[in-house]
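All residue numbers in the sequence shown are consecutive under this note's numbering, ending with 213. Glycine included, C-beta positions come from ideal geometry on N, C-alpha and C.
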Amino acid sequence: MNINDRHMPDTVAMLQIAHEKTLEATLAHDWQGTTTICGAQLHYRLGEGDTRNTPLPLLLVTNLGDCQVMVIRPRTKEVVFKTKEQWHWFDCPRQLGTNSPDTPKDNAVADLVDLEVGDVVLAMSDGVIDNLWEHEIVESVVKSIASWEAGNSKLSREERAGGRQGGMKVAANDLVEAARLIATDPFAVSPFMERAIEEGLASEGARRSILEF
Numbered sequence: 001m002n003i004n005d006r007h008m009p010d011t012v013a014m015l016q017i018a019h020e021k022t023l024e025a026t027l028a029h030d031w032q033g034t035t036t037i038c039g040a041q042l043h044y045r046l047g048e049g050d051t052r053n054t055p056l057p058l059l060l061v062t063n064l065g066d067c068q069v070m071v072i073r074p075r076t077k078e079v080v081f082k083t084k085e086q087w088h089w090f091d092c093p094r095q096l097g098t099n100s101p102d103t104p105k106d107n108a109v110a111d112l113v114d115l116e117v118g119d120v121v122l123a124m125s126d127g128v129i130d131n132l133w134e135h136e137i138v139e140s141v142v143k144s145i146a147s148w149e150a151g152n153s154k155l156s157r158e159e160r161a162g163g164r165q166g167g168m169k170v171a172a173n174d175l176v177e178a179a180r181l182i183a184t185d186p187f188a189v190s191p192f193m194e195r196a197i198e199e200g201l202a203s204e205g206a207r208r209s210i211l212e213f
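Quick look at the structure:
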């Protein structure tokens with residue numbers, strides 16, 4: 001399946017269908033609500049000029065709002081991809097729902113990201129990225145994976161490589177805890193506070209928000 005193959009999943013179209021069906025389901029009960037969206041689907045493409053048709057890992061990323069998908073490469077400690085937040089105005093993200101004008105077909109952003117074995121894909125709520133800077137997120141994940149690989153366990157180092165066999169759950173918990181510590185510190189300097197000041201708004205400390213990873 002080539003990257004331009006007609007069978008490549010259309011994640012925005014699928015999200016649009018789900019959005020329409022959800023709105024339809026809320027009508028009878030007069031349910032109200034909105035949500036941001038971020039998701040990543042593991043797929044593949046074929047290498048150009050590769051006669052063996054070797055599949056290469058490909059990530060299909062779909063985003064609408066102020067959550068974030070980030071791809072980290074632990075071996076080089078770098079961010080190879082991240083989505084950009086979408087706001088109507090500061091702290092008012094684009095959302096899908098019963099009382100929002102936003103729609104997947106008009107506002108969702110889809111990206112194709114080439115992956116390497118060992119890359120880590122993070123899907124994070126604004127409660128994480130509002131309280132931790134990018135370099136802090138990278139440091140937390142890399143440190144957690146290294147600690148897991150070196151830890152005492154019945155599993156071999158090879159079996160734990162890259163966070164396998166439970167290491168990614170540990171990395172997720174460590175990252176959320178790091179964000180929680182900042183979120184509950186009224187004197188912490190945070191990305192959210194910095195953005196608010198740039199917008200000319202009075203802001204002090206971190207931001208209490210839903211922390212999801």
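Can you find the residues in the same chain that come closer than 7 Å, C-beta to C-beta, to residue i, ignoring five residues on each side of it along the sequence?
i, result
"I77", "One detail in the question is off: residue 77 reads as Lys in this sequence, not Ile. If we look at K77 and ignore the five residues flanking it on each side, its Cβ neighbours are V138 and V142."
"E48", "none"
Got a sec? Which residues, its chain only, sit under 6 Å from residue i by beta carbon, not counting five neighbours each side?
i, result
"R73", "V80 and D119"
"N107", "L64 and R94"
How many Å lie between residue i and residue j at the Cα?
i, j, result
"D66", "A146", "29 Å"
"G167", "V117", "16 Å"
"L15", "E24", "14 Å"
"W89", "G151", "45 Å"
"D174", "E85", "23 Å"
"A13", "R195", "33 Å"
"E199", "W87", "13 Å"
"L201", "L46", "49 Å"
Run the CB neighbour count on residue i, radius 10 Å, all protein chains shown included, and call it buried at 16 or more, exposed below.
i, result
"S156", "exposed"
"N53", "exposed"
"N2", "The pLDDT assigned to N2 is 46, lower than 50, so where the model puts this residue is not dependable; a value taken from the coordinates is nonetheless given after this. Exposed."
"V189", "exposed"
"Q68", "buried"
"L122", "buried"
"T7", "Going by the sequence as given, residue 7 is His instead of Thr. Counting Cβ neighbours within 10 Å, H7 comes out exposed, since fewer than 16 surround it."
"D102", "buried"
"D126", "buried"
"E149", "buried"
"H19", "buried"
Is the Cβ-Cβ distance between residue i and residue j less than 9 Å?
i, j, result
"N63", "C38", "yes"
"D114", "L58", "yes"
"T35", "L112", "no"
"T22", "A110", "no"
"D32", "T98", "In the sequence as displayed, the identity of residue 32 is Gln instead of Asp. Yes, they are a contact pair."
Who are the near neighbours of residue i in its chain, counting only those whose CB is closer than 8 Å to its CB and skipping five residues on each side?
i, result
"S140", "L132, A171, D174, L175 and A178"
"P9", "Q41, H43 and L60"
Ranges of the beta strand (DSSP E) found wholly within the segment 16-65, counting only runs of at least 3: 37-46 and 55-64
Alpha helix (DSSP H) runs contained entirely in the segment 101-176, provided each spans 4 or more residues: 104-107, 126-129, 134-150 and 157-160
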